[in-house]
Amino acid sequence: MRDAAPTTVYLKDYTPFGYLVDSVSLTFDLVPNATRVTARIAFRPNPEAQDRTFFLHGEGLKLIGAQIDGQDVKPELTDQGLTCDVPDGPFLWESEVEIDPANNTALEGLYMSNGMYCTQCEAEGFRKITFYPDRPDVMSTFTVRIYGDLPVMLSNGNPSDSGDGWVEWTDPWPKPAYLFALVAGDLVAHSDRFTTASGQEVDLNLWVRPGDEHKCAFGMEALKKSMRWDEEVYGREYDLDVFNIVAVDDFNMGAMENKGLNIFNSAAVLASPDTSTDGNFERIEAIIAHEYFHNWTGNRITCRDWFQLCLKEGLTVFRDSQFTSDLRSAPVKRISDVIDLRARQFPEDNGPLAHPVRPESFQEINNFYTATVYEKGAEVIGMLKRLVGDAAYAEALDLYFARHDGQACTIEDWLKVFEDVTGRDLAQFKRWYSQAGTPRVAVEERWAEGTYTLTLTQSTPPTPDQPDKAPQVIPVAVGLLGPNGDEVRETQLLELTEERQSFTFEGLAAKPVPSILRGFSAPVILDRETTTEERAFLLAHDTDPFNRWEAGRALAQHTLLDMIVNGTPPEPAYLDGIQSVLRDEALDPAYRALMLGLPGQSELAATLHERGHTPDPMAIWQAVETLRQTMAEHLQDLLPRLHAEAQVDAPYRPDAEQSGKRALGSAVLGLINRIDGGVLAAEEYGKADNMTLQLSALGALIRAGKGAGQLAAFYDQWKDDRLVIDKWFGLQVSLAEPADTVKVAVHLTRHDDFNWKNPNRFRAVLGALAMNHAGFHHESGAGYSLLADWLLRLDPVNPQTTARMCAPFQTWKRYDAKRQEMIAEQLDRIAAAPGLSRDTTEMISRIRG
Ligand code: ARG
Ligand code: ZN
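Okay, so the sequence shown: first residue is 1 according to UniProt numbering, each after it adds one.
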């Protein structure tokens with residue numbers, strides 16, 4: 001469906017709705033092309049509101065009839081909803097509409113996926129189901145009756161009644177409409193039970209299509225662990241008799257926390273050792289936890305308006321990362337999160353799409369489900385916890401739950417509980433929510449007579465609509481090391497609040513080496529001129545595992561930039577430093593695998609650009625290839641030993657210990673591969689008995705140019721498993737050489753299995769294209785036009801996924817004039833398409849600037 005001229009919504013314009021909703025009763029008569037939805041909604045005037053306009057959202061609904069207190073009414077309809085004259089006091093609104101789930105390709109509202117009915121209402125999809133005040137501050141209990149000829153029919157809450165061909169669900173907890181869900185289809189359950197800390201029994205079901213039963217066990221275990229963890233760590237218990245999770249193949253995002261009925265992209269919940277990698281397992285565990293944790297941070301306490309999205313998302317991401325750290329390795333999780341933040345959030349924060357963690361305006365809210373709102377939003381909570389301490393954090397959270405349960409809240413409410421618990425003024429801290437852009441912190445040091453002085457200077461570059469920034473509160477964790485590598489000052493939290501501030505450390509016997517921003521204590525960029533010797537020293541001695549890794553990463557970045565800009569050969573201090581770390585068998589294999597990683601090519605392009613160079617994607621690619629080859633040769637003698645150490649004898653388990661070994665094994669295979677030209681990879685492919693090993697061997701074979709046979713065999717083996725075939729599509733594009741990337745991608749878009757209307761499959765090919773830096777930015781411009789062609793094709797079908805897939809163009813101003821011109825041409829071509837969706841229009845115009 002195409003939209004009229006876009007309008008901008010502003011945070012400052014918030015007003016409450018004129019009416020409260022006391023109860024909602026819905027009836028669904030499920031028919032693929034003509035589902036009838038009747039709604040009975042008890043309204044009463046909201047004493048807190050001035051404006052009594054009775055406006056109900058509604059989009060794409062065919063109104064059959066409406067009544068107020070049983071009398072027929074004729075509301076005034078627009079393409080956004082309806083208005084109607086209503087009585088002064090309480091009244092009952094009734095309406096009947098017809099919708100067409102079978103033709104809902106946007107996957108928002110009620111739609112069908114493989115013959116199964118399902119919903120996605122966040123953020124504003126409920127208005128595609130019935131006329132309603134579709135805003136999160138309107139909360140109500142819901143009763144839902146579903147009539148249909150389907151074996152399983154689910155909605156929120158507890159089952160309350162049923163009859164021949166119908167079931168009824170009642171959700172006793174008041175909720176906003178975005179948490180509504182309905183699922184109906186031929187589904188089978190993997191079931192279990194959970195007893196809450198206070199003794200309530202909960203039925204747990206993971207509903208899947210017949211044939212997927214063997215992929216449920218892991219998700220169920222993750223759910224039970226999440227439920228226990230939230231009780232133990234946050235004191236939060238589950239609050240219904242049943243908790244349902246459903247796996248859906250066609251889904252725009254990862255998953256959705258609908259009350260008592262979480263709906264998941266099947267890629268984010270289905271797992272088995274044969275078909276899922278260790279990375280898949282870890283991600284699934286985290287997403288299950290994330291959606292479950294939303295029951296308290298999101299559902300019981302929700303958002304007043306969509307500008308407050310980070311209130312639930314930042315906090316819930318923070319909570320799921322704590323969960324993963326507790327279950328697995330905290331340092332490995334922290335490093336992985338920072339790698340991800342730098343890859344996805346930093347480009348956003350430092351480009352045309354930059355927006356505050358709490359945005360102040362939007363055209364399409366779906367465009368603000370971003371790395372900034374989610375991941376930077378979680379970093380902000382991490383900083384708050386660091387600043388107030390663990391005990392005060394726990395107290396503040398208890399107060400938050402006690403004070404705001406059942407409410408729709410704001411960031412002001414959230415910060416107030418911290419102020420009340422600690423007595424601290426958080427006015428300046430709040431700038432983390434209102435100022436966009438990644439702060440930079442420059443470091444100067446002075447050493448004189450036993451006193452070491454660190455001077456930190458902060459600045460945040462201008463971002464769209466925000467030319468000037470005020471200083472933020474930046475918690476900088478610092479430790480000091482003595483010349484022999486011993487720690488002479490333990491980690492201390494410096495609070496940088498001024499633009500420029502000095503911190504002194506007295507009574508030191510010798511000039512120390514500082515370890516700054518330990519644990520990545522704030523989401524900033526550290527500007528620090530330092531020597532290779534000092535980095536190598538920290539790589540060898542830092543007691544903070546994050547900063548030890550960071551020292552290796554800095555050396556890698558330094559040598560790559562030097563290779564690219566000056567044609568210098570790879571830095572021996574980096575190669576030797578990494579070698580020593582790898583030799584240390586006391587170190588977790590997962591940690592050593594991370595040490596073998598290199599900065600991403602897009603990240604290198606960003607750094608080159610920041611330093612005044614024009615990044616050449618081909619030169620970056622070449623430098624990375626050269627460094628990898630040099631590493632392989634330099635580490636050659638050590639590799640067989642590491643490879644042996646990485647072998648797992650026990651039956652497959654996707655836990656931290658085994659996956660760490662496999663991660664190291666895969667990194668080592670990648671290096672050996674450069675020396676033996678695919679011999680070991682072929683051998684490993686032949687004996688792989690799980691997807692992690694199979695995919696890592698297949699990847700190595702493709703890189704060695706020897707994978708054709710195995711690629712075909714892999715397809716034959718897995719052609720009936722759509723999630724594995726997504727990997728097959730993605731891998732070929734990700735690993736293609738720069739000159740072949742577009743050719744490979746085009747070829748795959750012509751494959752019979754390229755169901756481009758399925759978001760997972762679309763992303764497997766076009767997302768992988770955009771992630772292949774040198775291939776996407778190939779000088780021909782063919783990568784740009786291929787992505788644009790597909791965005792134009794997908795937009796009328798699925799605006800949300802199209803808009804998200806515009807993001808690869810956000811970095812365009814980093815590159816040379818020729819590339820900028822080619823990208824601008826594609827952006828303009830997309831913008832000019834008649835009837836372009838509001839979603840894509842907003843993204844393209846923000847990127848174009
Ligand atoms: N609240 C969901 C989550 O974070 C995300 C759903 C967003 N979906 C959307 N279409 N905007 O788990
Ligand atoms: Zn979420």
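C-beta atoms are modelled at their ideal positions from N, C-alpha and C, and glycine is treated no differently. Note that the coordinates shown come from a computational prediction; the quantities given were computed from them, not determined experimentally.
With fewer than 16 other CB atoms across the displayed protein chains lying within 10 angstroms of its CB, ARG653 is exposed. GLN472 and VAL441 have their alpha carbons spaced roughly 11 angstroms apart. When secondary structure is reduced to three states using DSSP, GLN622 falls in the helix class. Taking 7 angstroms as the cut-off, one finds no heavy atom of the ligand ARG near enough to the beta carbon of GLU610. Excluding sequence positions up to five before and after ARG40, its CB lies within less than 7 angstroms of the CB of SER25, LEU92, GLU94, all in the same chain and listed in chain order. Residue range 722–734 is occupied by the alpha helix (DSSP H) that includes PHE729. GLU98 is not a Cβ neighbour of ILE146, given a cutoff of 8 angstroms. In this structure, HIS777 sits near TYR815, with a CB-CB distance shorter than 8 angstroms. Residue side-chain check: THR302 keeps its Cβ at 7 angstroms or more from all non-hydrogen atoms of the ligand ZN.
Judged by beta-carbon spacing, CYS121 lies within the 8 angstroms limit of TYR178, meaning their Cβ atoms are closer than that value.
The C-alpha of PRO273 lies about 6 angstroms from the C-alpha of MET691. PRO467 and LEU353 have their C-alpha atoms some 14 angstroms from each other. With a 10 Å radius around the Cβ and a threshold of 16 neighbouring Cβ atoms, TRP169 comes out buried. Going by DSSP, CYS310 is part of the alpha helix (DSSP H) stretching over 309–327. Residues of the same chain with a CB within less than 8 angstroms of the CB of MET139, apart from the 5 flanking positions on each side, are VAL21, PRO174, LYS175, PRO176, THR302, GLY406, ALA408 in chain order. A distance of 8 angstroms or more separates the beta carbons of ARG431 and VAL417. Beta-bridge analysis with DSSP links ALA42 to SER23, LEU92.
Not one heavy atom of the ligand ZN falls within 7 angstroms of the beta-carbon of THR372. In the DSSP annotation of this structure, VAL797 is not part of any alpha helix (DSSP H), being labelled neither H nor E. Collapsing the DSSP output to three states places LYS706 in coil.
Collapsing the DSSP output to three states places TRP306 in a helix. Sequence-distant partners of ALA123 (beyond 5 residues in either direction) whose C-beta falls short of 7 angstroms from its own C-beta, in its chain, are TYR178, TRP306, ILE365, ASN366. Contact between the segment 604–622 and the segment 552–569 is present: three or more C-beta pairs spanning the two stretches fall below 8 angstroms. CA-to-CA, the gap between GLN435 and PRO356 works out to about 5 angstroms. Under DSSP, GLN458 forms a beta bridge with VAL441. Nearest to LEU309 by alpha-carbon distance, out of PHE264, SER515, ALA704, TRP414, is TRP414.
DSSP places SER140 in the uninterrupted beta strand (DSSP E) bounded by 140–147. With a cutoff of 8 angstroms on beta-carbon distance, GLY219 and LEU240 are scored as not near each other.
Collapsing the DSSP output to three states places ILE263 in a strand. Using a 10 angstroms sphere on the CB of PRO210, the tally of other CB atoms stays under 16, which defines it as exposed.
Contact between ALA289 and ALA268 does not hold, since their C-beta atoms are separated by about 12 angstroms, which reaches or exceeds 8 angstroms. Within the DSSP secondary-structure output, GLY109 pairs in a beta bridge with GLN120. For PHE503, there is no enclosing alpha helix (DSSP H); the residue is found in the beta strand (DSSP E) stretching over 500–505. In this structure, the beta-carbon distance from LEU555 to ARG535 falls below 8 angstroms. As DSSP reads the structure, HIS57 sits in a beta bridge with GLY81, TYR132. Using a Cβ-Cβ distance cut-off of 8 angstroms, the segment 374–382 and the segment 635–643 are not in contact, since fewer than three pairs of beta carbons, one from each stretch, lie closer than that value.
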